[in-house]
Amino acid sequence: MELRKAKTSVNSSPVKQSLLKNVDVRAYTMIVGLIVIWILFSILTDGTFLSARNISNLTLQMAVVAILGTGLVMVIVTGHIDLSVGSLVGLVGGVAAALMVWNDWGTLPTVLAVLALGLVAGAIQGFATVYLNVPSFIVTLGGMMVFKGILLGITEGVSIAPMNEGYKAFGQAYVTNMTTYLFAILTIAALFFLEFKKQQSRKNFDVAVNAGSAYVKLALISLLILGFSYIMTSYKGMPVPVYIMLILVIVFTFLADKTRFGRSVYAIGGNLQAATFSGIKVKKVVLSVFALNGLMAAMAGIILSARLNTGSPSAGTMMELDAIAAAVIGGTSLAGGRGKIYGAILGALIMASLDNGMSLLNIEAFWQYIVKGGILVLAVWFDVYTKKKGN
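Just so you know, we're using our numbering here: the sequence shown kicks off at 154 and counts up by one.
Encoded structure:
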């Protein structure tokens, strides 16, 4: 009896605890790294980096990449990749500009049309990947070229401007202070409600409950949310692109973590064969993921073209690499099966902080590429290291 009990105590929980520990290590490492970057740039710029104006510009700068990264997280989790999102961002902006400037379309019809364009483009690439069995790398590499070619054909190599006033609001407007604080309070209330439901569910199933630490963590998150809202309102208010980004992050986080569809996405990336045998409709799920990713790229294209007030033939160039880097730096595994939506936001924030801080210090552009590339490699190494340690 004693031998059996000892054996059980050794082998019962190490795997689960190790995996959970690794997830926490990656998340906390990102947060600590971000704090270090902010402190360093704040010192080097005599506090300019952490001014309300610069933080507002920083979040505005990261919004497009963060939205793209949000969609790409789910694609990468399934074990696939999408290299076409940058070109699709540019195509959406070019089509929107052509519809408004050359065809006198209103803002709402234009937005609906280009969102549909993104959804269909993503679905076509998903169909080619799962039903025609063409690797996603090749499909989306071809898509990148096709979208870039269509954009050059539509714009004839020149920028199309200006956009409608209502359309420009997607990239240039600010949300009122009251709306910002109301959004923050509702978000905090929702977080506490979901945690309460989670704790109640654990009690019903006689699972160990550690409510104290969970609520302390939520309290700290709530302070960060209120602090962020205060900083935004100290300048001009919450930028509309940031507001849209936060809403999309909340929706996709709920979709990934709280729905059957999200569980299917992680199951497919974790073990495709097991997911198939368990009855998951793998092809339909992956097709849906690509379609949603196309929709996110379209949203990013609307915001970028609205902010620039033009449909440019060069818009979105290399942006897919920034979005993939944000997802990977945020802890998404290129092997599939692991990744969080909030990780892509943290990754995009780290990338934007480096860009912004080095620009404030007038560091030459080539150093910016070198630093970001080095951090990307370091993030992948850290992911591999923690995974091996967990095993």
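Idealized CB from N, CA, C, for every residue including glycine.
- Distance check between Pro394 and each of Gly243, Val189, Tyr327 places Tyr327 closest, using alpha-carbon atoms only.
- Here the alpha carbons of Ile482 and Val533 stand approximately 7 Å from one another.
- Residues of the same chain with a CB within less than 6 Å of the CB of Val287, apart from the 5 flanking positions on each side, are Ala281 in chain order.
- As the crow flies, the alpha-carbon of Thr212 is around 43 Å from that of Phe430.
- Tyr396 is classed as buried because its beta carbon has at least 16 other beta carbons within 10 Å across all chains shown.
- Residue range 205 to 230 is occupied by the alpha helix (DSSP H) that includes Val230.
- Straight through space, the alpha carbons of Thr308 and Lys434 are spaced by roughly 40 Å.
- According to DSSP, residue pairing for Gly324 in a beta bridge does not occur.
- Thr263 counts as buried, since no fewer than 16 other beta carbons sit within 10 angstroms of its beta carbon.
- Per DSSP, the continuous alpha helix (DSSP H) segment holding Pro394 begins and ends at 393 to 411.
- For Gly464, DSSP records a beta bridge to Ile313.
- A Cβ-Cβ contact shorter than 9 Å links Met227 with Phe405.
- Judged by DSSP in its simplified three-state form, Glu473 adopts helix.
- Below 8 Å, too few C-beta pairs join the stretch 370 to 381 and the stretch 412 to 423 to call them touching: fewer than three.
- In the three-state DSSP reduction, Phe414 falls in the helix class (H, G or I).
- Burial is judged here by how many other beta carbons sit within 10 angstroms of a residue's own beta carbon; Glu473 has at least 16 and is buried.
- Here the C-alpha atom of Ser354 lies approximately 49 Å from the C-alpha atom of Asp199.
- DSSP places Glu318 within a helical segment (H, G or I) once states are collapsed to three.
- In the structure shown, Ser512 adopts helical secondary structure according to DSSP, grouped into three states.
- Ranking Lys370, Gly484, Gln214 by CA distance to the CA of Phe535 puts Gly484 first.
- In the structure shown, Trp258 falls within a coil segment according to DSSP collapsed to helix, strand and coil.
- With distances taken between CA atoms, Ala459 lies nearest to Gly246 out of Phe346, Val438, Gly246, Gly186.
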